[in-house]
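Notes follow the structure.
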Amino acid sequence: MEIDSRPTLVIIGNGMVGYKFCEKLVENGATAQFRIVVFGEECLPAYDRVHLTEFFGRLGTADLLLASEDWYLENGIELHLGVSVESIDREQRVVHASTNFHLQYDKLVFATGSYPFVPSIEGANLPGVFVYRTIDDLKEIADYSRNVKSVAAIGGGLLGLEVARALEISREEGGIETHIVHRSSHLMSRQLNAEAAAVLQNKVEEMDIQVHLNKQTTHIIAEGKARMLHFTDGPPLAVEMVVISAGIRPRDELARACNLACSTAGGIEVNDELQTSDAHIYAIGECASHNGICYGLVPPGYKMVDVLVENLTEAQKRSGKPLQHFEGADTSTTLKLMGVDVAVFGAYRSEDARITFVNDDVYRQLVHRDGKFVGATVVGIWREMGKVQQAVAAHQRLWFWNAWRFQRRGKLWREQGMPGVQNWAEDTVVCNCMGVKRGELSRAYTTGCTTVAALSEITGAATVCGTCLPLLEELIIGLSTGSDAREYSPHLQHSWKGLLGASFIGLFLVLIIYFFKPIPFSTTVQNLHHTIDTLWRDNFWKQVTGYTLLGFSALALILSLRKRWTRFSLGDFGTWRLVHALIGAGTLIFLIAHTGFRFGNNLNWILMVSFLVLNLIGTLAGGITALAAKQRNSAVVHRWQNWLVQAHALLFWPLPILILFHIIAVYYF
Ligand SMILES: Cc1cc2nc3c(=O)[nH]c(=O)nc-3n(C[C@H](O)[C@H](O)[C@H](O)COP(=O)(O)OP(=O)(O)OC[C@H]3O[C@@H](n4cnc5c(N)ncnc54)[C@H](O)[C@@H]3O)c2cc1C
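Last residue of the sequence shown: 685 (our numbering), numbering continuous.
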């Protein structure tokens, strides 16, 4: 028999993170480098725990699996299912599994996840009282719930609401009365403030789910079919089934038993390289405690996977690159609870300034620091959510007009205010959970992944929380039709040269007006300037040039409104923008005719300067918009474009008042 000379890499736990670790090892060719052996206590290979609740809906067990047993076989990974590792001899570097199987390891990775926390409630082990973590738990709940008419979820956090959602799905089939019992004063108290939680509670109650706040369960008593929940105060609640969803705790019992350093709060202590207190042993996922934090979410676990795979594989060593470090992870959470979006991003709990939009249906709060997005809390549907998440991740600037629009209407951007996803910079992250960038998605699209499902399958985007699904849809529409974010879309490409030319002429005229000396008034009739001089000497011609200038300006304004009016079907947005730019240049010619390069004094000077600055910014906006059509991947270009377009629009508004005063002054004096 051939002896396997490869060092042995043992992975304890075949959950979401354990599986992702295997997948990345395969992708990085590590199966040639290591003999990889996985122990999974559950009888199924790793499945999508995030979408576990779908088990009550449309998805069966097979749909939830992340990979079949064959996948492990085909990739040379030894998978032992239904086998738990019971002890570890660190000195001999041997793991002892439940099947009396002993295996020597060279490297050992803990990916043991968490277990559901059950508070010390007397009666928590009664029949009809469940926890909610595995497919087996769900099967038991589904079986039991067939014969009950009421159920209570203990815990009003993320998990409790997930349970309520599951029960709501099963209720649709069987009609179960559902309660949420929560010991805090509002739902999701770890993530949401009271006001946001109130909006969520409204939604939950609209679904006929009864919420009981400030209720600490002390014991459960079986009275026939009923399970009586008793609280520290108030009357008991009679239900027929109970699901305890009061949080999770890291599974570190095995690590503690072999004296690996563990955090007092729970979790196997790891350093930035995810190494435990034993140099041969690592921990990733929910069981790892990094800087005292155990992350109860998938994305941080996947981030740990990336770091560890990089550090363990030969390719890394050969490349001579420094070791990768895990530097902590964002705890942004996005989920859909009973059709209600609930999300917290970035520094949503910080003490920074915030602006809020709230009504009966939605709660939206933006946290900003030094004028930049740093966090957000969202309850209820918000079409801009994906973009807000990006804005928070990229610490984009929160302009006061966006803040103003947000506070009035709950919307941050005009439809054209942000580039469509297809025009985001290559390295902008679209799927935060999986770290998938725009460039990767566009490349996948060009290789034939033209549906959301295909994009998702190839890149992994939208496979965790699903918030970026609308962004994927937008990307596909944008790439396939060239429409969507109209300011930037490919069908405008035809007008970019014209726009650049018109902007250039405009800029040239602005500079001429600024730098050219005023044309002197003629002193004799023989003067060469005699004819031109009439323009600003003769009242009639002054009025002609003045009113033409006014007319052109009004036309430019109407066109700038028109190009944003989608229902007007004649010509496309790009064409009308070009016309707008040409008329803008035209106004400058009439400005010369009207003033003879004279700035005048007081009001006239202000009017002249305002008009020139407006045109200067307009020409720059036009120029950069033309450039943006060519530099579709440059975030800098798009950012400048956005700023200049907004500034151009803003600078327009003082003009009507100044012009009005100018006309009154002219006629009065
Ligand atoms: C209902 C629900 C909804 C969720 N929703 C979200 C969400 O929207 N977004 C999000 O980011 N996260 C969500 N999560 C959390 C997410 O599922 C976890 O973060 C993720 O599963 C952690 O992966 P893991 O591999 O670290 O642990 P697990 O997936 O728990 O896997 C650990 C595996 O190790 C096995 N194991 C433990 N000890 C041993 C041993 N001694 N020997 C052998 N095997 C062992 C366990 O049986 C388990 O199968 C949700 C969780 C639940 C339950």
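From the three backbone atoms N, C-alpha and C, an ideal C-beta is built for every residue, glycine too.
Simplified DSSP assignment, three categories, for Tyr35: Tyr35 falls in the helix class under three-state DSSP.
Three-state secondary structure assigned by DSSP to Lys427: Reduced to three states, the DSSP call for Lys427 is coil.
Neighbour-count burial assignment, Thr603, 16 or more Cβ in a 10 Å radius: Buried is the label assigned to Thr603, since at least 16 other Cβ atoms lie within 10 Å of its Cβ.
Selected residue, minimal CA-CA separation from Phe126, among Ser21, Leu636, Ile284, Pro23: Per the C-alpha coordinates, the member of Ser21, Leu636, Ile284, Pro23 positioned closest to Phe126 is Ile284.
Nearest-angstrom Cα separation, counted from Ala478 out to Tyr563: Approximately 57 Å between the Cα atoms of the pair.
Pro670: first and last residue of the uninterrupted alpha helix (DSSP H) it sits in: For Pro670, the enclosing alpha helix (DSSP H) covers residues 670 to 684.
For Met244, the residue or residues it bridges with in DSSP: The partner list for Met244 (beta bridge, DSSP) reads Ile237, Ala254.
Coil, strand or helix - Lys161 by DSSP: Sequence inspection shows Ser at residue 161; the Lys mentioned does not correspond to that position. The answer is helix: DSSP assigns Ser161 an H, G or I state.
Option nearest Ala407 by Cα separation, candidates Asn448, Asp377, Thr372, Asp368: Answer by Cα proximity: Asn448.
Outcome for Tyr504 when other beta-carbon atoms lying within 10 angstroms are tallied against a minimum of 16: Residue confidence is low: Tyr504 scores 40 on pLDDT, short of 50, so the model does not pin down where it sits. Its coordinate-derived value is still stated next. Burial state of Tyr504 is buried, judged by a 10 Å Cβ sphere holding 16 or more other Cβ atoms.
Neighbourhood of Tyr88 by C-beta distance below 8 Å, restricted to the same chain and skipping five residues each side: Only residues of its own chain outside the window of five on either side were considered, and among them Cys38, Val54, Pro61, Glu94, Leu95 have a CB closer than 8 Å to the CB of Tyr88, listed in chain order.
Close beta carbons around Ile260, own chain, < 6 Å, minus the five adjacent residues each side: The answer, listed in chain order, is Val134, Val147, Ile170.
Neighbour-count burial assignment, Ile732, 16 or more Cβ in a 10 Å radius: Because residue 732 is not part of the residues shown, which for the chain are 17 to 685, the question remains open.
Cβ-Cβ distance between Asp288 and Phe342 below 8 Å: In this structure, Phe342 lies closer than 8 Å to Asp288 by Cβ.
Neighbour-count burial assignment, Pro315, 16 or more Cβ in a 10 Å radius: Under a 10 Å Cβ-count criterion, Pro315 is classified as buried, with 16 or more other Cβ atoms of the shown protein chains found around its own Cβ.
Within the segment 367 to 440, ranges of the alpha helix (DSSP H) (whole runs, at least 4 residues): As far as the segment 367 to 440 is concerned, its whole alpha helix (DSSP H) runs of at least 4 residues are 401 to 409, 416 to 425.
C-alpha distance - Gly76 paired with Glu269, whole-angstrom precision: Cα atoms of Gly76 and Glu269: separation of roughly 31 Å, rounded to the nearest angstrom.
Residue span of the beta strand (DSSP E) that contains Ala169, given as start and end: Note, Ala169: beta strand (DSSP E), 166 to 170.
Inter-residue spacing [alpha-carbon to alpha-carbon] between Pro506 and Thr635: For Pro506, the predicted structure reports a pLDDT of 41, less than 50, and the residue's modelled location is therefore unreliable. A value from the coordinates is still provided. Distance between the alpha carbons of Pro506 and Thr635: 21 Å.
Supposed contact pair Phe416 and Ile529 - C-beta distance, whole angstroms, cut 8 Å: That pair is no contact at about 30 Å.
Length-filtered (3 minimum) beta strand (DSSP E) runs lying within the segment 114 to 147: Inside the segment 114 to 147, DSSP marks whole beta strand (DSSP E) runs of 3 or more residues at positions 118 to 120, 123 to 126, 130 to 132, 145 to 147, from first to last along the chain.
Coil, strand or helix - Ser585 by DSSP: Annotation note: pLDDT 48 at Ser585 (below 50); position unreliable, no value reported.
Residues sharing a beta bridge with Thr349, DSSP: Bridge partners of Thr349: Val360.
Arg267: CB within 7 Å of a non-hydrogen atom of ligand 1: Indeed, a heavy atom of ligand 1 lies less than 7 Å from the Cβ.
Bridge partner(s) assigned by DSSP for Val691: The structure shown has nothing for residue 691, since the chain only spans 17 to 685.
His112 versus Val99 - alpha carbon distance: Each residue's Cα considered, the two are about 10 Å apart.
Contact test: Tyr148 Cβ vs ligand 1 heavy atom, cutoff 7 Å: Checking the 7 Å criterion, the Cβ of Tyr148 is within range of a heavy atom belonging to ligand 1.
Residue ranges of each alpha helix (DSSP H) within the segment 254 to 295, 4 or longer: Within the segment 254 to 295, the complete alpha helix (DSSP H) segments at least 4 residues long are 269 to 273, listed from N- to C-terminus.
Phe50: CB within 7 Å of a non-hydrogen atom of ligand 1: Every heavy atom of ligand 1 is 7 Å or more from the Cβ of Phe50, so no.
Met204 CB to nearest heavy atom of ligand 1 below 7 Å: Look at Met204: its beta carbon is at least 7 Å from all of the heavy atoms in ligand 1.
Per-residue burial, Ile297 [other beta carbons within 10 Å of its own, 16 or more giving buried]: So Ile297 ends up on the buried side.
Contact test: Pro670 Cβ vs ligand 1 heavy atom, cutoff 7 Å: Not one heavy atom of ligand 1 sits closer than 7 Å to the Cβ of Pro670.
Straight-line gap, Ala637 to Leu516 (C-alpha atoms, nearest Å): So the two alpha carbons sit approximately 10 Å from each other.
Span separating the alpha-carbon of Thr444 from that of Val404: Near 13 Å, if we compare the C-alpha coordinates of Val404 and Thr444.
Buried versus exposed call for Leu598 [16 or more other C-beta atoms within 10 Å across all chains shown]: The residue in question, Leu598, is buried, as its Cβ has 16 or more Cβ neighbours within 10 Å.
Gly426 to Val110 span [Cα, whole Å]: Cα-Cα distance, rounded: 59 Å.
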